[in-house]
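Engineer:
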Amino acid sequence: MGALLEVKNLGISFGGLRAVDRFNITIQQKQLYGLIGPNGAGKTTVFNLLTGVYEPTDGVILLNGQKLVNMNPAKINQAGIARTFQNIRLFQNMTVLDNVKIAMHNQSHYHLLEGIFRLPNYFKEEAKMDQRALELLAVFDLDKEYKTLASNLPYGKQRKLEIARALATNPKLLLLDEPAAGMNPQETDELMKTIRFVRDHFGISILLIEHDMKLVTGICEEITVLNFGTELAHGTPEVVLNDPRVIKAYLGE
């Protein structure tokens, strides 16, 4: 099978600032890939480029051979890329179930009038979405809390709910932006198992930004290191994290 994602010479400038320059990455089908680097290295900017939040100044993004440059975020999501955010962005005043269902808006098969007048097809389609949403929540052990408001979930469960919502869009590639941020060691260990399960169960590729090196080395098969918007190193975790340039970028002289 060919590569799922190919990014070639991707770059963006904000005025006179070159935030990302000649960034390249190739992610294979069902691969767990890490993107790491010091704060301000350009990692989240890369995510924003891949998901259409920013329009690249130059470069090419291919998903299964389809060009994604100049697509808006909704179209890119439909093409097969979903993401979570460094700062959790749930609908806090909606239930756990509805947070997942809202990501299925492109998968409902009833018309506006059927929804307004509550015709039989509306209830049939809603029941299907309820069932699938509960199945996704069960993966993260959240199905028993489906009526709970998202704001009332503990922090770690909010992180999981955000991943469940992203998976509801049926992605081929899932982007996780610092999923372990704010978690204690026990929660991080559980998250590692969850990420592996998601990759295997849903058969998708995962690209994650993370500062927790235990998580990165524990699940990532390949890593790219960014520094000042350019690639500093890439390879297996063992090779990359023993690279003197990487150690210097993180720890200084």
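Residue numbers (full-length UniProt numbering): 1 to 253. The beta carbon of each residue, even a glycine, is placed where N, CA and C say it ideally should be.
Counting only runs that start and end within the segment 134-214, where is the beta strand (DSSP E) found for 3 or more residues in a row?
Structural biologist: With a minimum length of 3 residues, the continuous beta strand (DSSP E) runs that stay inside the segment 134-214 are 173-177 and 205-209.
Engineer: For residue 8, which residues of its own chain have a beta-carbon under 7 Å away from its beta-carbon, when the five flanking residues on both sides are left out?
Structural biologist: Within the sequence shown, residue 8 is the residue found at index 8, counting from 1. Correct list, in chain order: 24, 59 and 60.
Engineer: Any contact of the segment 182-192 with the segment 149-164, i.e. 3+ C-beta pairs under 8 Å?
Structural biologist: Segments in contact, yes.
Engineer: Can you list, in chain order, the residues of its chain with a C-beta nearer than 6 Å to that of residue 19? Leave out the 5 residues immediately preceding and following it.
Structural biologist: Position 19 of the sequence shown holds residue 19. Cβ neighbours of residue 19 beyond the five flanking positions: 12, 42, 45 and 229.
Engineer: Assuming residue 74 contacts residue 169 (C-beta within less than 8 Å), just tell me the rounded distance between them.
Structural biologist: As a first step, residue 74 must be located in the sequence shown, where it is residue number 74. As a first step, residue 169 must be located in the sequence shown, where it is residue number 169. Contact flag wrong, Cβ pair sits at about 10 Å.
Engineer: If I measure Cβ to Cβ from residue 104 and keep anything under 6 Å in the same chain, skipping five residues before and after, which residues do I get?
Structural biologist: Along the sequence shown, one-based indexing puts residue 104 at 104. Excluding positions up to five away in sequence, the list reads 129 and 168.
Engineer: Take residue 16 as the anchor and find which of 48, 116 and 57 has the nearest alpha-carbon.
Structural biologist: Taking the first residue of the sequence shown as 1, we reach residue 16 at position 16. Answer by Cα proximity: 57.
Engineer: Do the segment 135-151 and the segment 61-80 touch if we need at least three Cβ pairs shorter than 8 Å?
Structural biologist: Touching, no, given that fewer than three Cβ pairs across the two stretches are closer than 8 Å.
Engineer: Mapping the DSSP letters down to three states, classify residue 227 as helix, strand or coil.
Structural biologist: Locating residue 227 in the sequence shown gives position 227, where the first residue counts as 1. In the structure shown, residue 227 sits in a strand (DSSP, three-state: E or B).
Engineer: Strictly by DSSP, which residues pair up with residue 234?
Structural biologist: Translated into positions along the sequence shown, residue 234 becomes position 234. According to DSSP, residue 234 bridges with 224.
Engineer: What is the DSSP secondary structure of residue 89, counted as helix, strand or coil?
Structural biologist: Translated into the one-based positions of the sequence shown, residue 89 becomes position 89. Residue 89: coil per DSSP, three-state reduction.
Engineer: Would you give the residue range spanned by the alpha helix (DSSP H) that residue 77 belongs to?
Structural biologist: By 1-based counting over the sequence shown, the position of residue 77 is 77. Element bounds for residue 77: 73-79.
Engineer: Between which two residues does the beta strand (DSSP E) carrying residue 58 extend?
Structural biologist: To locate residue 58, count along the sequence shown from 1; it is residue 58. Residues 58-63.
Engineer: Would residue 234 be called buried (16 or more neighbouring beta carbons within 10 Å of its own) or exposed?
Structural biologist: The count along the sequence shown starts at 1 and reaches residue 234 at position 234. It counts as buried.
Engineer: Would you identify the three-state DSSP class for residue 33, choosing helix, strand or coil?
Structural biologist: Mapped onto the sequence shown, residue 33 falls at position 33. Three-state result, residue 33: strand.
Engineer: Let's see if you can read the secondary structure: which residues bound the alpha helix (DSSP H) around residue 98?
Structural biologist: Sequence index remark: in the sequence shown, residue 98 carries index 98 (1-based). Run containing residue 98: 96-101, per the alpha helix (DSSP H) assignment.
Engineer: Among 242, 165 and 223, which one has its Cα closest to the Cα of residue 102?
Structural biologist: As a working note, residue 102 is residue 102 in the sequence shown. Minimum Cα distance to residue 102 is reached at 165.
Engineer: If you reduce the DSSP assignment to three classes, tell me which class residue 15 lands in.
Structural biologist: Numbered from its first residue, the sequence shown carries residue 15 at position 15. Note: residue 15 maps to coil in three-state DSSP.
Engineer: Span of the alpha helix (DSSP H) holding residue 48?
Structural biologist: As a working mapping, residue 48 is identified with position 48 in the sequence shown. Note, residue 48: alpha helix (DSSP H), 43-50.
Engineer: Which residue or residues does DSSP assign as beta-bridge partners of residue 83?
Structural biologist: Residue 83 sits at position 83 when you count from the first residue of the sequence shown. Residue 83 is bridged to 175.
Engineer: Output the distance between the C-alpha atoms of residue 225 and residue 131, rounded to the nearest integer angstrom.
Structural biologist: Indexing the sequence shown from 1 puts residue 225 at position 225. Indexing the sequence shown from 1 puts residue 131 at position 131. Roughly 40 Å between the two C-alpha positions.
Engineer: Does the beta-carbon distance from residue 50 to residue 175 come in below 8 Å?
Structural biologist: Along the sequence shown, one-based indexing puts residue 50 at 50. Along the sequence shown, one-based indexing puts residue 175 at 175. Cβ atoms of residue 50 and residue 175: closer than 8 Å.
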